[in-house]
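**Q**
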Amino acid sequence: LAWCVWSIFFVLKRRGQGIAQCRVGGRRQMWIRGRDALGRRARRAGAGAGLTGMRGLADLALLTVTGAEPELGDLLAAALLSGLDRDDPFHLELAETALAYLDHGGRIEPTAAALHVHGNTVKYRIRRLQELTGRPLSDPAGGAAVSRAANWWWALHRWLAETTP
């Protein structure tokens with residue numbers, strides 16, 4: 221097993237199935253897995269995020285771990301997003317745009333394409349979110365950019381989960 225490179229995949233639409241792959245000497249062997257607790261949590265997290273199809277376990281790591289601590293996510297949302305009103309549809313748009321922006325690596329054009337809006341709309345929404353929350357969404361000069369982005373991502377996910385029916 222020391223030579224194996226494990227890559228566990230889960231089919232999110234089909235409950236209880238996972239495929240573990242192990243390469244030994246260039247040959248790939250597969251086993252059906254997915255009944256373990258980690259596999260179940262990963263499938264639940266992926267399905268809860270609306271993901272379908274084949275996904276690697278590592279690709280679901282952040283969703284899985286953040287889903288296990290909803291109270292901490294709620295605290296982050298309260299701290300970072302206190303300026304947003306859950307009953308305001310525009311604030312919902314701002315949060316969705318910010319999440320898409322983070323999911324697209326902080327790049328305007330891919331975010332705009334994913335949301336089917338103009339790049340200037342994305343820029344405006346990000347700027348407006350920052351004004352309402354009093355915090356920068358991204359500040360590479362401030363250090364700890366990955367940690368800050370992960371906190372924002374988690375807070376936005378929790379806020380949107382609690383806001384949308």
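With the first letter of the sequence shown counted as 1, position 35 gets the number 255 in this note's numbering; the numbers rise by one all the way through.
All C-beta atoms in this analysis are idealised placements derived from N, C-alpha and C, irrespective of residue type, glycine included.
Source: prediction; values computed, not measured.
(1) Tell me whether Ala278 is buried or exposed, calling it buried when 16 or more other Cβ atoms sit within 10 Å of its Cβ.
(2) Based on Cα-Cα distance, which residue from Ser367, Val366, Gln350 lies nearest to Ser302?
(3) With distances taken from CA atoms, which of Arg355, Gly276, Gly270, Ala269 is nearest Gly259?
(4) Is it buried or exposed for His336, if we count other Cβ within 10 angstroms and need 16 for buried?
(5) Exposed or buried, His311, counting other C-beta atoms within 10 Å across all chains shown (16 or more means buried)?
(6) If we call anything under 7 Å between Cβ atoms a contact, is Trp374 one with Leu296?
(7) Quick check on Val244: does DSSP put it in helix, strand or coil?
(8) Helix, strand or coil: how does DSSP classify Arg253 here?
**A** Taking the definition as stated:
(1) exposed
(2) Gln350
(3) Of Arg355, Gly276, Gly270, Ala269, the residue nearest in Cα terms is Gly276.
(4) The residue in question, His336, is exposed, as its Cβ has fewer than 16 Cβ neighbours within 10 Å.
(5) buried
(6) Their beta carbons are under 7 Å apart, which means Trp374 touches Leu296 by this criterion.
(7) Caution applies to Val244, whose pLDDT of 42 falls short of 50 and renders its modelled position unreliable; the model cannot decide the point.
(8) Below a pLDDT of 50, predicted positions are generally treated as unreliable, and Arg253, at 48, falls in that range; the measurement from the model is reported next regardless. If DSSP states are grouped into helix, strand and coil, Arg253 belongs with the strands.
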